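In the UniProt record's numbering, the protein residues as written are 1 to 338. To keep things clear, I will list the structure first and then write my remarks on it.
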């Protein structure tokens, strides 16, 4: 091996750790290989069904569901590319073969697809907030073109972050430990604000319907709209909670690694990577947990969203009986044939 290739290979090692110790954790790595193999196809299938279901159902072709398509597309990319690369690199590690090239591809696509999913989940929160606080101007503010621009910008942002982590893992970890917590705090605060407004609206509606019987019809119609909105918010809140459960372990591990690196840099002492093998294992484990998030999202959509569930059933039944699914003959945002 040449000196340049050897240096490049060492960049794929975490804190200078040799991968020889991985053989001692063969059962753990084989478990991760099995998990990735089991969820790869269901992740692709589930998210593809969601995309096709919205595409053939004009009533689902709303600006909010355009964000859902964006999330399903990034999760589809995760299922299509990330688990196979994760399986390949883990098997190569166990066989003590060169896995750096696979690692580079795995980290690049993993950061990009999972990062886009992260920003799209945050965008859902902003969408629900605008629909609640600017309901009279919502249609004018949140347009299809603007949402498309925002979704495209997400891909550029995390395409850049994927490039950064190939250049410097320290710079990438700093961005992860700063950007993601800020977005999580902002998203959590937004959900709290939505919850407070919903409680206040509910109290106001109950008071108005008790005071005047003629206003009861308007109150009931408003209650119906708020009930639909509340269910939509609760569904996306579940997606957000699942996201937190899957991503927080990864963020904590990255923060620990960054703190370890900066501590050694500050003390100007070499890092003994062999004392941090558990961190190395934690990275691989938490990355698999992040991948599981893309597998679980379509399950939540079909569980919590009745129209999405019906559209998904239509796609599945057409695949089962070998029929061609065409968009329902209604005026919708998207056009075309399946």
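The beta-carbon is built from N, C-alpha and C at its ideal position, and this holds for glycine as well. In this text the structure is predicted, and so the values were computed from the model without any measurement.
Tell me the rounded alpha-carbon separation between residue 50 and residue 242. 18 Å
Among residues of its own chain, excluding the 5 on either side of residue 52, which ones have a beta-carbon nearer than 6 Å to its beta-carbon? 315
Let me confirm a value: residue 287 is counted as buried when at least 16 other C-beta atoms fall within 10 Å, else exposed. Which label applies? buried
With distances taken from CA atoms, which of 125, 310, 189 and 177 is nearest residue 256? 177
Rounding to the nearest angstrom, what Cα-Cα distance links residue 87 and residue 182 in this structure? 32 Å
CA-to-CA distance, residue 54 to residue 250, given in whole angstroms: 31 Å
One question on the structure: do residue 147 and residue 131 come within less than 9 Å of each other, judged by their Cβ atoms? no
Nearest residue (CA-CA) to residue 185, options 248, 65 and 98: 248
Under the three-state DSSP convention, the category residue 96 falls into: coil
Just to confirm the assignment, what range does the alpha helix (DSSP H) spanning residue 280 have? 277–304
First and last residue of the alpha helix (DSSP H) that includes residue 165? 144–167
Between the CA atoms of residue 108 and residue 254 - distance to the nearest angstrom: 16 Å
How should residue 95 be labelled, buried or exposed, when 16 other C-beta atoms within 10 angstroms of its C-beta is the threshold for buried? exposed
Burial state of residue 89 (16 or more Cβ within 10 Å): buried
Which of the three DSSP states, helix, strand or coil, is assigned to residue 69? helix
Segment contact flag, the segment 293–305 with the segment 19–37, C-beta cutoff 8 Å, min 3 pairs: no
Compute the Euclidean distance between the alpha carbons of residue 62 and residue 293, then round it to the nearest angstrom. 24 Å
Exposed unless 16 or more other CB atoms sit within 10 angstroms - verdict on residue 317: exposed
Expressed to the nearest angstrom, what Euclidean distance is found between the alpha-carbon atoms of residue 313 and residue 24? 45 Å
Could you have a look at residue 217 and say whether DSSP puts it in helix, strand or coil? The pLDDT assigned to residue 217 is 48, lower than 50, so where the model puts this residue is not dependable, and the model offers no usable value.
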